[in-house]
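Participant: Using our numbering, the first residue of the sequence shown is number 24, and each one after it goes up by one. Don't be surprised by glycine CBs; every beta carbon is placed ideally from N, CA and C. As the structure is a computational prediction, the values presented were derived from the model and not from experiment. Can you read through this structure? Questions will come right after.
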Amino acid sequence: LTQEQIARHLGSAREVVSRMLKYFQQEGWVAVSRGGVTLLDRKGLAELAGMLEMEGSYDTVSGQLRMDTDNTLLKEKYIGLLQRAFAIDAEKTLEPDESKKILSALRWDTQKEIPLNEQRADGMLVQQMCCKRAFIRGAFFAAGSISNPNKSYHFEIVCRTMEQAVQLQELVGYFEAEGKIVQRKER
24 LTQEQIARHL
34 GSAREVVSRM
44 LKYFQQEGWV
54 AVSRGGVTLL
64 DRKGLAELAG
74 MLEMEGSYDT
84 VSGQLRMDTD
94 NTLLKEKYIG
104 LLQRAFAIDA
114 EKTLEPDESK
124 KILSALRWDT
134 QKEIPLNEQR
144 ADGMLVQQMC
154 CKRAFIRGAF
164 FAAGSISNPN
174 KSYHFEIVCR
184 TMEQAVQLQE
194 LVGYFEAEGK
204 IVQRKER
């Protein structure tokens with residue numbers, strides 16, 4: 024697609040698309056060449072989106088993005104993804120501008136009153152099969168388990184909203200697996 028075509032799809036101007044692509048390239052998110060744009064770590068972004076959708080939070084007052092978990096392995100994976108995708112030292116508290124950069128790349132709206140872990144990840148992040156797989160992996164790593172009820176193993180990811188559950192069900196369906204949604208009883 025040309026920048027003009029991208030602008031038409033977005034309902035924007037070519038100059039705006041050009042400016043945003045230049046910014047994304049400066050941030051290390053994309054490589055822009057004649058006739059093409061390459062997302063540099065799309066799988067990493069998709070996996071990060073899956074993790075944040077399940078266990079992330081964004082404080083609108085402090086402007087800080089956090090991974091809300093006691094799971095050491097999940098925290099280490101989160102830190103590694105942020106370092107690889109954004110060159111950010113996530114072992115320290117993220118600065119508001121760093122948090123906004125990450126959420127912007129993931130196309131999450133920080134102005135919504137809906138908590139981050141109750142929003143759905145942007146569908147553009149999971150267009151390719153490798154990204155679908157990475158998103159499911161991130162969601163599973165953050166909120167999933169494998170259990171053996173009566174010797175019949177099953178894989179589950181606990182979602183906070185029905186929209187998240189439907190999104191995961193659709194993604195799992197791309198791998199010719201039947202995903203079921205079961206509502207848990209309120210405690």
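Under three-state DSSP, which class holds ILE204?
Facilitator: Coil.
Participant: By the 10 Å Cβ neighbour count, where 16 or more other Cβ atoms means buried, how is TYR101 classified, buried or exposed?
Facilitator: By the neighbour-count rule (16 or more Cβ atoms within 10 Å), TYR101 is buried.
Participant: Going by DSSP, which residues form a beta bridge with GLU121?
Facilitator: GLU121 is not bridged to any residue.
Participant: Straight-line CA distance for GLU199 to MET90?
Facilitator: Straight-line Cα distance between these residues: approximately 31 Å.
Participant: Less than 7 Å between C-beta atoms, sequence neighbours within five positions excluded: which residues of the same chain meet that for ALA108?
Facilitator: Cβ neighbours of ALA108 beyond the five flanking positions: ASP64, GLY67, LEU68, LEU71.
Participant: Should ASN171 go down as buried or exposed, given a rule of 16 or more other Cβ atoms within 10 Å for buried?
Facilitator: Per the 10 Å Cβ criterion, exposed.
Participant: Determine whether the beta carbon atoms of ASN140 and GLU179 lie at a separation below 8 Å.
Facilitator: Their beta carbons are not under 8 Å apart, which means ASN140 does not touch GLU179 by this criterion.
Participant: Hey, out of THR133, ALA162, ALA128, PHE163, whose CA is closest to MET147's CA?
Facilitator: Nearest of THR133, ALA162, ALA128, PHE163 to MET147, Cα basis: ALA128.
Participant: For GLN48 versus VAL40, is the C-beta spacing smaller than 8 Å?
Facilitator: Not closer than 8 Å, so no.
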